[in-house]
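To keep things clear, I will list the structure first and then write my remarks on it.
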Amino acid sequence: MVYDLDSTLSFPCTLREYWTKAIRTDIMLNKKFHVTQCIWASAVHECTDTSLTQSQTNAFLRTDSNYIVKFHERCFRVIKANEFLKNFSSDRRHMRNDHGDFIQPPPRWSPIFDKSIFLRTGHNLDDFISMDHGILSDISTVYDEETFQQVFVDDTL
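The sequence shown lines up with residues 9 to 165 when you count with my numbering.
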């Protein structure tokens, strides 16, 4: 089940409904519509040539350091609810302007904030939204879109 207070879907909703109506996977798009950013000597070009796979591109990058290809892909950090609640701390500073006032009215529910967690880690929202595989690796896993779908969604579709 998915508990998303920010979506307009039923609450809670099934992963299948959430995946098809909220996430709306790009995997089904024709590869010619997948955008890859190609950078050559600080010039940026949009490339739609998908003849190179990710592994072929990585091999190419090792042989020509002047050419960088950055694949834009959606990733998902998966963490068990009990680990999330034990380790997450947000004082909602990301929702405030430079003067400390809320940019928009905050949600009605209390922030997920525990003084003992905050004293240990501080405000750590950035760690949880980072898609760096090394961050929070002891309590969570980062999946690319295709792997996430294979692991969690395909059996429900």
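We put the beta carbon where it would ideally sit given N, CA and C, even for glycine.
Check	Outcome
Report yes if the CB atom of D135 is closer than 8 Å to the CB atom of L144, and no otherwise.	yes
Of the residues L13, K29, D146 and E154, which one's Cα is nearest the Cα of E91?	D146
DSSP on Y11, reduced to helix/strand/coil?	coil
Among S15, G108, Y26 and K123, which has the Cα closest to the Cα of S98?	K123
What are the residues that DSSP puts in a beta bridge with F84?	Y151
Tell me which same chain residues have a C-beta within less than 8 Å of the C-beta of Q112, skipping the five on either side of it?	M103
Would you identify the three-state DSSP class for R101, choosing helix, strand or coil?	helix
Throw me the rounded Cβ distance for the L17 and A30 pair, which I believe falls under 8 Å.	6 Å
Mind checking whether M9 and R85 have CB atoms under 8 Å apart?	no
Can you give the Cα-Cα distance for F19 and Y11, rounded to whole angstroms?	6 Å
Here's the rule: buried if 16 or more other CB atoms are within 10 angstroms of the residue's CB, otherwise exposed. What is V150?	buried
Below 7 Å CB to CB, which residues in the same chain sit around F110 once its five sequence neighbours on both sides are set aside?	M103 and R104
Let me know the secondary structure DSSP gives F110 once reduced to three states.	strand
At the level of alpha carbons, what is the spacing between F121 and A89?	14 Å
Following the continuous alpha helix (DSSP H) through R24, name the residue where it begins and the one where it ends.	L23 to Y26
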